[in-house]
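The next block holds one structure in the form of structure tokens; read it before the comments.
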Amino acid sequence: MRNLDYELNIEPGNYTNRFEIVFTPEDGSLGVDELDLASLKIQQNNKVHELSVHNPNGLDIKTIEIFDVAGKRILQANFDAVKNKYDLSTLRLSDGFYVVNVATNSNTKAKSQKIIVKN
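Every number in the numbering used here is 8 more than the matching position in the sequence shown, counting from 1.
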């Protein structure tokens, strides 16, 4: 961080590599875990009665849980291995809205998303 003005005298022209943007994680808001969680895609495919969680960055997923609108846990799946895609059957679920919660093994990061099940 600079506290004084800075003056620069250069010849006219294009300088394409003169500036760069650097982020410093002072408050932790630019953590890698947050960016990795954003890459998780949670999708409900009602044609095949299946919930898919796509994990392109190879996060260590610990659990995938499905909750009904009343907050009751309907389904919980635990995982020991890292996969690119996790599939869970939703055939036994009633039609309705649900919340899917995906948690990593660090227990500090999770992603939640609403889904609609139509069997």
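Beta carbons are placed, not taken as given, at the ideal position from N, Cα and C, and that holds for glycine.
Query raised in the report: What separation, rounded to the nearest whole angstrom, lies between the Cα atoms of Leu101 and Ile74?
Result: 10 Å
**Report entry** Stretch-stretch touch, CB-based, cutoff 8 Å, three pairs: the segment 82-101 with the segment 54-62
**Finding:** yes
Query raised in the report: How should Val90 be labelled, buried or exposed, when 16 other C-beta atoms within 10 angstroms of its C-beta is the threshold for buried?
Result: Val90 should be labelled exposed.
Query raised in the report: Residue range of the beta strand (DSSP E) that Thr112 falls in?
Result: Segment Gly104 to Thr112, the beta strand (DSSP E) holding Thr112.
Query raised in the report: Using 8 Å as the limit for Cβ to Cβ distance, is Lys55 near chain C?
Result: Of the protein chains in the structure, only one exists, and it is not chain C.
Requested in this report: Taking only runs that begin and end inside the segment 34-89, name each unbroken alpha helix (DSSP H) of 4 or more residues, in chain order.
Outcome: 40-47
Query raised in the report: Are Asn65 and Asp44 touching if we call contact CB-CB under 8 Å?
Result: yes
Requested in this report: From the DSSP output, read off the bridge partner residues of Lys122.
Outcome: Val107
**Report entry** Beta-carbon proximity of Phe105 to Lys126, cut-off 8 Å
**Finding:** no
Query raised in the report: Can the beta-carbon of Ile72 be found less than 8 Å from the beta-carbon of Asn63?
Result: no
Query raised in the report: By how many angstroms is the C-alpha of Val77 removed from the C-alpha of Leu67?
Result: 27 Å
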